[in-house]
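Reviewing the structure listed below.
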Amino acid sequence: MRVADSWKDYRVIATGDGQKLESWAGVKLLRPDPQVIWHTKKDLKEGVDAFYERKEGGGFWNYNKKIPEQWTISWQGLKFVVKPMGFKHTGIFPEQAVNWQMMSKLIKDSGREIKVLNLFAYTGGASVACAKAGAKVTHVDASKGMVERAKENAKLNDLSSIRFIVDDCEKFIQREIRRENFYDAIIMDPPSYGRGPSGEMWKLEDNLADFVELCKKVLSDKPLFVLINSYTTGLQPTVIANILKSVFGNSNVEADEIGLPTDEGLILPCGASGVKLWKN
Ligand SMILES: C[S@@+](CC[C@H](N)C(=O)[O-])C[C@H]1O[C@@H](n2cnc3c(N)ncnc32)[C@H](O)[C@@H]1O
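As numbered in the numbering used here, the sequence shown has no gaps in its residue numbers, which increase by one up to the final residue, 1394.
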């Protein structure tokens, strides 16, 4: 398990009975988490600033006190916008700090300009981390709203070099193949289910292996890494490792669960990541 224990501005205070209580730069939010099937003796709602309540087909935030519509949290000099959004999202997946840390080091240690392609890139946590480490980043997401949020995070970190694309990831890769535009590193964090801008269906179990095979065609002849992250419940790290090995060869492939430490001394599991590395 790779644990994102390098946060100062974020922590998981307590967990239990399908809920997690988190502090986002001091603002206490309570959100549902399907992985949390253990119990707690604590009343997690006590002293909480806002909590997300599920209802048929979605849910809504309840506010116990006036909190900013959005605020920022920082991680190792990077700053990100936090904003309670639909589907209990806040705009940042803090556990991804384990991947930001690894990718930043690989890019800095490479001693060369690395072209990074970040797919299903959401609000740009990885795009900001890689660009800050000196990479030339292309950020692709189907949602115009998410790309606008990513631009906000880039601005917050004085970054103007990131290329932002609103498109279906598969369509984008097909076009890059035709254009013979290659990348030294590829990051993908696909949802379990997703839709492209024109309704292109994405279902991880059905599409991931073919999609990784397709991405191989835009990898440069001096690759550095390919990283796959998944939140799909039950998708074992070994499955991600096997996909990477079957497409890029068995050597230098690592995959593991990722998680967050809690103040109770537990680890909150947050999915799995796998990476294929090439000697620089
Ligand atoms: C779980 S989020 C990724 C989280 C992100 N990597 C992070 O750590 O911040 C999945 C993203 O995939 C995008 N998406 C879903 N289907 C897509 C598709 N077919 N093409 C491009 N983006 C898609 C969604 O808009 C969403 O922003």
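Even glycine gets a Cβ: it sits at the ideal position worked out from N, Cα and C.
So who's on the other strand from residue i, going by DSSP bridges?
i	result
Pro-1375	Ile-1381
Ile-1187	Phe-1194
Lys-1134	Thr-1129, Arg-1145
Glu-1167	Phe-1174
Lys-1308	The identity of residue 1308 in the sequence shown is Gly, whereas the question assumes Lys. Trp-1316.
Asp-1370	Ser-1387
Val-1117	Gly-1373
Rounded C-beta distance between residue i and residue j? I'm assuming under 8 Å.
i	j	result
Leu-1220	Leu-1338	6 Å
Ser-1137	Ile-1127	6 Å
Val-1389	Phe-1362	Not really, about 10 Å apart at Cβ, beyond 8 Å.
Ala-1256	Asp-1282	6 Å
Leu-1273	Val-1242	6 Å
Ala-1235	Ala-1211	So it is not a contact: roughly 16 Å between Cβ atoms.
Ile-1291	Gly-1239	Contact flag wrong, Cβ pair sits at about 27 Å.
Is any non-hydrogen atom of ligand 1 found closer than 7 Å to the C-beta of residue i, if you look at the structure I gave you?
i	result
Pro-1146	no
Trp-1138	no
Cys-1329	no
Using only the heavy atoms of ligand 2, determine whether one of them is closer than 7 Å to the beta carbon of residue i.
i	result
Ser-1188	No copy of ligand 2 appears in this structure; the ligands present are ligand 1.
Original post:
Of all the alpha helix (DSSP H) runs that stay within the bounds of the segment 1322-1366, which reach a length of 4 or more residues?
Top reply: Counting only runs of 4+ residues, the alpha helix (DSSP H) found wholly inside the segment 1322-1366 occupies 1351-1362, in chain order.
**OP:** Using the beta-carbon of each residue, find all residues closer than 5 Å to any heavy atom of ligand 1 and list them in chain order.
**Re:** Near ligand 1, meaning a Cβ closer than 5 Å to any of its heavy atoms, lie the following residues in chain order: Phe-1207, Gln-1210, Phe-1234, Tyr-1236, Gly-1239, Asp-1255, Ala-1256, Ser-1257, Met-1260, Asp-1282, Cys-1283, Asp-1303, Pro-1305, Gly-1308, Gly-1310, Trp-1316.
**OP:** Would you mind listing the beta strand (DSSP E) stretches within the segment 1248-1302 that are 3+ residues and don't spill past its ends, in chain order?
**Re:** 1250-1255, 1277-1280, 1299-1302
**OP:** For the segment 1212-1242, list the alpha helix (DSSP H) runs that are entirely contained and at least 4 residues long, ordered along the chain.
**Re:** none
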